[in-house]
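Numbering (our numbering), first residue to last: 142 to 590.
Ideal Cβ placement from N, Cα and C applies to all residues, glycine included.
Rendered as structure tokens:
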């Protein structure tokens, strides 16, 4: 494919600076030897004239699209239109969810109809089994529904760059100057984590400064607050807004499978040993036990792992890559103790812990953290028992920024002079004490005379 003049990227064309720098990262410096074709609004495909069979894929950010003066869009004739591909991807993403839904519907029919109605002879056993089954079934479906259809929380507008800052950031070639722009924009933001190089965490795709524990999900194409992972079984990103629902989904799915496996076991053995006659329920009962046992094993390991993460107040991403603070990386940087870590996810009201209702603490953008050393950028706080912690070496370690700000506000409030209120009871006591003192003095004086 030939290059049109409007597509060729040069160093003087500020509209294509980011694109040119990204192409340079692939080792090609001469724009005259590059064939470019934009197949979607997300990527540029670069192909050298000398090696046409070795295309290279370069991410295309939104900033380049927005500030391009003369955008030229190309679409390969061999590829389907972009919107069709996107629709196919979205449709295929629902296949795991549909599979789980079909398995659950079949398990409901197999347990209620084939086992309870046609196989179990005792009426009392039928009633107990069906009541317990429906309770676990309702809680499982409820939590699964909330996990799927709760939208991931994204950063607020205060983390977005202003229009002038965006234009300046896009047109700037030097990373040092780009970081200066981000540092100025993040002056009043509640940020505590950094990149591995100590820079401000910024998402070029979403054009936002990432809050603490926020990450970009390529599947959802958005930055997700306190992102844990993208789960294909729920076709959703698990993060701050639905992490509690995801934990409850694992819990109730495990209870659901364990209950089915435990109650079906005796009839599974009877069908297996031919103690019960061969009926159409035999296949359903045998297969139901195998499926329930298989899901029990897989869910148990995943549920145990996430319970461990909740106890440590970590996400799956933080478990594999420790968050980097201004004082250095610390895998336990957000750990506040076992009870407080659980309250971060499930909230303070214990009666709502087992219900798929949002009760997590915070707003998903600021989190309390324990510091590994003194942070020079933190506001200074007077030495008080509540304002500082003593480490094992005898060194004082300040609390988190949010807690320090609270301490400063409380100290300022305490230092403000308050008008004294007139208390009639206290005034009466004062007058009585004064009269008793005067009478004693009079008695002493008369005694001396």
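With a threshold of 8 Å, are at least 3 pairs of Cβ atoms found where one atom belongs to the stretch 378-386 and the other to the stretch 285-292?
yes
Could you check if residue 226 is buried or exposed, using at least 16 other CB atoms within 10 Å of its CB as the buried criterion?
exposed
Quick check: the Cα distance between residue 330 and residue 337, rounded to an integer number of angstroms?
19 Å
Residue 559 to residue 299, Cα distance in whole Å?
Bear in mind that a pLDDT of 41 at residue 559, under 50, signals an unreliable position, so the number given afterwards is only what the model happens to contain. Distance between the alpha carbons of residue 559 and residue 299: 36 Å.
Assumed close pair residue 402, residue 422 - CB separation to whole angstroms, cut-off 8 Å:
So it is not a contact: roughly 17 Å between Cβ atoms.
Suppose you measure from the CA of residue 239 to the CA of residue 287; what does that come to, to the nearest Å?
Straight-line Cα distance between these residues: approximately 16 Å.
Just verifying my parser: in three-state terms, what is the DSSP assignment at residue 475?
If DSSP states are grouped into helix, strand and coil, residue 475 belongs with coil.
Is the Cβ-Cβ distance between residue 248 and residue 393 less than 8 Å?
no
With respect to the alpha helix (DSSP H) encompassing residue 365, which residues constitute its N-terminal and C-terminal limits?
Per DSSP, residue 365 belongs to no alpha helix (DSSP H); it is in the beta strand (DSSP E), 363-365.
Same chain, Cβ closer than 6 Å to residue 267, five either side skipped, listed in chain order
257 and 261, listed in sequence order.
Could you compute how far the alpha carbon of residue 359 sits from the alpha carbon of residue 404?
42 Å
Return the residue from the list 497, 483, 481 and 476 that minimises the CA-CA distance to residue 510.
476
Taking residue 437 as part of the alpha helix (DSSP H), name the residues at either end of that continuous run.
421-453
Is there contact here, the stretch 353-369 with the stretch 452-472, by at least three beta-carbon pairs under 8 Å?
yes
Apply the 10 Å Cβ neighbour rule to residue 280 and answer buried if 16 or more other Cβ atoms are within range, or exposed otherwise.
buried
Check for me: the alpha helix (DSSP H) holding residue 379 runs from which residue to which?
Here residue 379 belongs to no alpha helix (DSSP H); instead the beta strand (DSSP E) covers 377-379.
Tell me, please, which residues DSSP counts as bridged to residue 265.
Paired residue(s): none; residue 265 is not in a bridge.
Between the alpha carbons of residue 504 and residue 426, how many angstroms are there, rounded?
46 Å
C-alpha gap between residue 93 and residue 494, whole angstroms
Look at the range of the chain in this structure, 142 to 590, and you will see that residue 93 is not part of it.
With H, G and I counted as helix, E and B as strand and the rest as coil, what does DSSP make of residue 499?
DSSP, read as helix, strand or coil, puts residue 499 in coil.
Span of the beta strand (DSSP E), counted from its first residue to its last, around residue 358
Membership of residue 358 in the beta strand (DSSP E) is indicated by the continuous run 356-358.
So, helix, strand or coil for residue 335, using DSSP?
strand
Closest to residue 441 by C-alpha separation, out of 472, 490 and 389, would be which residue?
389
Distance check for residue 486 and residue 396, CA to CA, integer angstroms please.
20 Å
Cβ shell of residue 429 (< 7 Å), same chain only, five flanking positions each side left out
248, 251, 252, 401 and 405
Leaving out five residues on either side along the sequence, give the residues of the same chain with a beta carbon under 8 Å from the beta carbon of residue 443.
391
DSSP three-state label for residue 392, please.
For residue 392, the three-state secondary structure derived from DSSP is helix.
Helix, strand or coil for residue 382 per DSSP?
Residue 382: coil per DSSP, three-state reduction.
Output yes or no for whether 8 Å exceeds the beta carbon distance between residue 349 and residue 316.
Their beta carbons are not under 8 Å apart, which means residue 349 does not touch residue 316 by this criterion.
Simplified DSSP assignment, three categories, for residue 469
strand
Flag this pair as touching only if the stretch 229-243 and the stretch 369-378 have three or more C-beta atom pairs under 8 Å; answer yes or no.
Yes, they touch.
From residue 309 to residue 245, what does the alpha carbon distance come to, in whole angstroms?
53 Å
Three-state secondary structure (DSSP) at residue 238?
Note: residue 238 maps to helix in three-state DSSP.
When you compare each of 282, 242, 333 and 283 to residue 468 by their alpha carbons, which one comes out closest?
333
Enclosing alpha helix (DSSP H) for residue 306 [first to last residue]
Start and end: 304-312.
Could you give the residue range of the alpha helix (DSSP H) that holds residue 323?
Run containing residue 323: 316-326, per the alpha helix (DSSP H) assignment.
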